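S.K.: Counting with this note's numbering, you get residues 5 to 308 for the letters of the sequence shown.
All C-beta atoms, glycine included, are put in the ideal place defined by N, C-alpha and C.
For clarity, every value in this text was computed on a predicted model and none was experimentally measured.
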Amino acid sequence: MTQAQFEARRRELERQQEESRRKKVKQQTAALAQSIEQTQRTLAASGTAAWVQEEIREIMAAVNKAKDTPASGNIDAAFNELNVQQAKLSSLSETSNQRQDAVQREQWMAESSVIGLKLELEARHEDLEHKESRKEVETLIRKTEDLSNTVQKGQIAGLQQEVAQMRQSALEIHEQDMKQSVDEKLRREVITALMKTMRDLGFAVGKPTIDKETGGVVMIGTLPSNRSIRFEVDLNGQMEFDMNGFLERKCADHLDEVLGILETNFSITTGPIQHNWKNPDKISKGSKGFPSGGNTRSMGGGQQ
Numbered sequence: 005m006t007q008a009q010f011e012a013r014r015r016e017l018e019r020q021q022e023e024s025r026r027k028k029v030k031q032q033t034a035a036l037a038q039s040i041e042q043t044q045r046t047l048a049a050s051g052t053a054a055w056v057q058e059e060i061r062e063i064m065a066a067v068n069k070a071k072d073t074p075a076s077g078n079i080d081a082a083f084n085e086l087n088v089q090q091a092k093l094s095s096l097s098e099t100s101n102q103r104q105d106a107v108q109r110e111q112w113m114a115e116s117s118v119i120g121l122k123l124e125l126e127a128r129h130e131d132l133e134h135k136e137s138r139k140e141v142e143t144l145i146r147k148t149e150d151l152s153n154t155v156q157k158g159q160i161a162g163l164q165q166e167v168a169q170m171r172q173s174a175l176e177i178h179e180q181d182m183k184q185s186v187d188e189k190l191r192r193e194v195i196t197a198l199m200k201t202m203r204d205l206g207f208a209v210g211k212p213t214i215d216k217e218t219g220g221v222v223m224i225g226t227l228p229s230n231r232s233i234r235f236e237v238d239l240n241g242q243m244e245f246d247m248n249g250f251l252e253r254k255c256a257d258h259l260d261e262v263l264g265i266l267e268t269n270f271s272i273t274t275g276p277i278q279h280n281w282k283n284p285d286k287i288s289k290g291s292k293g294f295p296s297g298g299n300t301r302s303m304g305g306g307q308q
């Protein structure tokens with residue numbers, strides 16, 4: 005598989021992941037719309053709606069728009085808007101009794117904005133797969149509590165800008181989390197192919213480990229003669245290797261055999277090799293930073 009095919013595979017995985025996520029958001033949107041409609045009917049029956057007709061019209065317009073938005077459309081924006089509208093609706097009874105002037109209305113809108121932001125962040129948090137991403141969003145959620153306290157004191161200057169910044173931060177965290185999931189899946193495919201190839205060539209292969217310094221997945225294969233090859237694969241699909249105990253040309257020959265099988269059986273291709281000679285009798289091919297020096301090879305592909 006060429007680098008272009010590798011990237012195409014990545015894009016297909018990302019597309020499938022995004023499609024699944026959008027379907028889930030569409031289901032959440034439909035359930036939320038149904039809940040809002042039920043609450044609106046309750047308000048109408050109690051007579052409270054007469055004092056907040058403008059708000060109810062806006063809320064129901066958002067509900068109808070969200071219901072008509074397909075999963076392939078701007079469903080995230082529709083879901084986020086419904087969260088804001090639900091927050092408004094939940095306080096309409098109190099608002100209809102307490103609203104007195106434009107200042108109070110502005111205060112109410114600010115509080116609703118913060119509540120809507122918190123609901124949105126909590127929904128994103130449920131979709132995250134990585135601990136680091138969840139911690140980042142949890143920090144943002146805690147900040148909404150500080151924002152709520154500030155708004156309740158009547159301090160709403162600059163609120164909308166801060167809400168927009170937090171929403172953008174959450175979006176970027178979510179996108180990075182999804183990208184990391186795809187990268188990890190691709191790396192697992194490469195590692196699985198590499199393990200099978202080395203075992204087929206007679207290497208005893210230990211369990212892959214994570215290099216604490218680089219974060220790469222490390223795998224070591226050893227022959228009965230104690231000669232060994234160390235491979236490390238990072239999240240960018242880059243492979244680094246180091247060979248020990250192979251004399252003269254046999255070093256390159258063994259490595260070429262491994263890489264040849266990867267390409268033939270698993271459609272994983274690698275770039276040009278640069279040899280780093282430690283002495284006239286021994287070759288070491290590895291990554292920059294390994295004790296023996298060496299080089300890096302980028303890869304593409306996965307199990308077909």
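Since Arg231 is in the alpha helix (DSSP H), which residue starts that stretch and which ends it?
M.R.: Position 227 of the sequence shown, counted from the start, is the residue given in the question as residue 231. That residue, Arg231, is in no alpha helix (DSSP H); it is neither H nor E in DSSP.
S.K.: Relative to the C-alpha of Glu18, which candidate in Asp204, Lys216 and Glu179 has its C-alpha closest?
M.R.: The residue given as residue 18 occupies position 14 in the sequence shown. Distances from the CA of Glu18 to each of Asp204, Lys216 and Glu179 were compared; the closest alpha carbon is that of Glu179.
S.K.: Do Glu98 and Ile160 come within 8 angstroms of each other at the CB atom, strictly closer than that value?
M.R.: The residue given as residue 160 occupies position 156 in the sequence shown. The residue given as residue 98 occupies position 94 in the sequence shown. Result no, Cβ atoms of Ile160 and Glu98 do not sit closer than 8 angstroms.
S.K.: Return the first residue and the last residue of the beta strand (DSSP E) that Ile224 is part of.
M.R.: Counted from its first residue, the sequence shown places residue 224 at position 220. Where Ile224 is concerned, the enclosing beta strand (DSSP E) stretches over Val221 to Thr226.
S.K.: Provide the residue span of the alpha helix (DSSP H) that contains Leu239, from first to last.
M.R.: Position 235 of the sequence shown, counted from the first residue, corresponds to residue 239. Here Leu239 belongs to no alpha helix (DSSP H), and DSSP marks it neither H nor E.
S.K.: If the criterion is Cβ atoms closer than 8 angstroms, does the pair Leu125 and Leu144 meet it?
M.R.: On the sequence shown, residue 125 is found 121 positions in, with the first residue counted as 1. On the sequence shown, residue 144 is found 140 positions in, with the first residue counted as 1. Yes, they are a contact pair.
S.K.: Suppose the cutoff is 8 angstroms on Cβ atoms and the five residues either side in sequence are ignored; what does the same chain contact list for Pro74 look like?
M.R.: Stepping through the sequence shown from its first residue, residue 74 is reached at position 70. Only Lys30 meet the Cβ criterion.
S.K.: Got a sec, what are the start and stop residues for the alpha helix (DSSP H) Gln38 sits in?
M.R.: Numbered from 1 along the sequence shown, position 34 holds the residue referred to as residue 38. Start and end: Gln7 to Ser50.
S.K.: Would you mind stating whether Arg203 and Val222 have Cβ atoms separated by less than 8 angstroms?
M.R.: As a first step, residue 203 must be located in the sequence shown, where it is residue number 199. As a first step, residue 222 must be located in the sequence shown, where it is residue number 218. It is not a contact, given that the beta carbons lie outside the stated cut-off.
S.K.: Which runs of the alpha helix (DSSP H) fall wholly inside the stretch 76-154 and span at least 4 residues, in chain order?
M.R.: 79-94, 96-102 and 106-131
S.K.: Taking Gly219 and Asp238 to be in contact with their CB atoms under 8 angstroms, please state how far apart those CB atoms are, rounded to whole angstroms.
M.R.: Taking the first residue of the sequence shown as 1, we reach residue 219 at position 215. Taking the first residue of the sequence shown as 1, we reach residue 238 at position 234. 7 angstroms between Cβ atoms; contact.
S.K.: Taking all protein chains shown into account, decide if Asp181 is buried (16 or more other Cβ within 10 angstroms of its Cβ) or exposed.
M.R.: As a first step, residue 181 must be located in the sequence shown, where it is residue number 177. Flag for Asp181 reads buried.
S.K.: So Leu96 packs on Thr52, CB below 8 angstroms; how close in whole Å?
M.R.: As a first step, residue 96 is located in the sequence shown; it is residue number 92 there, counting from the start. As a first step, residue 52 is located in the sequence shown; it is residue number 48 there, counting from the start. Contact between Leu96 and Thr52 holds, with the beta-carbon distance rounding to 7 angstroms and staying under 8 angstroms.
S.K.: State the Cα-Cα distance for the pair Val186 and Arg61, rounded to the nearest angstrom.
M.R.: Position 182 of the sequence shown, counted from the first residue, corresponds to residue 186. Position 57 of the sequence shown, counted from the first residue, corresponds to residue 61. Each residue's Cα considered, the two are about 42 angstroms apart.
S.K.: Can you name the start and end residues of the alpha helix (DSSP H) that Asp215 belongs to?
M.R.: Taking the sequence shown and counting its residues from 1, the one referred to as residue 215 is at position 211. No alpha helix (DSSP H) contains Asp215, which DSSP labels as neither H nor E.
S.K.: Let me confirm a value: Ala8 is counted as buried when at least 16 other C-beta atoms fall within 10 Å, else exposed. Which label applies?
M.R.: Translated into the one-based positions of the sequence shown, residue 8 becomes position 4. The residue in question, Ala8, is exposed, as its Cβ has fewer than 16 Cβ neighbours within 10 Å.
S.K.: With a 10 Å radius around its C-beta and 16 neighbouring C-beta atoms as the bar for buried, classify Trp281 as buried or exposed.
M.R.: Reading the sequence shown from its first residue, position 277 is the one you call residue 281. Caution is warranted here: a pLDDT of 47 is assigned to Trp281, below 50, making its placement in the model unreliable, and the coordinate value is therefore given only provisionally. Result: exposed.
S.K.: Using three-state DSSP, classify Val209 as helix, strand or coil.
M.R.: Locating residue 209 in the sequence shown gives position 205, counting from the first residue. Assignment of Val209 by DSSP, reduced to helix, strand and coil, places it in the strand class.
S.K.: What residues in its chain sit with their C-beta under 8 angstroms from that of Ile214, if we drop five residues either side in the sequence?
M.R.: The residue given as residue 214 occupies position 210 in the sequence shown. If we look at Ile214 and ignore the five residues flanking it on each side, its Cβ neighbours are Gly220, Val221 and Val222.
S.K.: Provide the residue(s) that pair with Asp246 in DSSP beta bridges, ordered along the chain.
M.R.: For this step, residue 246 is matched to residue 242 along the sequence shown. Answer is Arg234, bridged to Asp246.
S.K.: Heavy atom of the ligand NAD less than 7 angstroms from the Cβ of Thr33, yes or no?
M.R.: With respect to small molecules bound, the structure shown includes none, and the ligand NAD cannot be examined in it.
S.K.: Among Glu188, Leu47 and Leu93, which residue has its Cα nearest to the Cα of Leu36?
M.R.: Translated into the one-based positions of the sequence shown, residue 36 becomes position 32. Comparing Cα-Cα distances from Leu36 to each of Glu188, Leu47 and Leu93, the minimum goes to Leu93.
S.K.: Along the alpha helix (DSSP H) that carries Lys69, what are the first and last residues, could you check?
M.R.: Within the sequence shown, the letter at position 65 stands for residue 69. Counting along the chain, the alpha helix (DSSP H) containing Lys69 begins and ends at Gln57 to Asp72.
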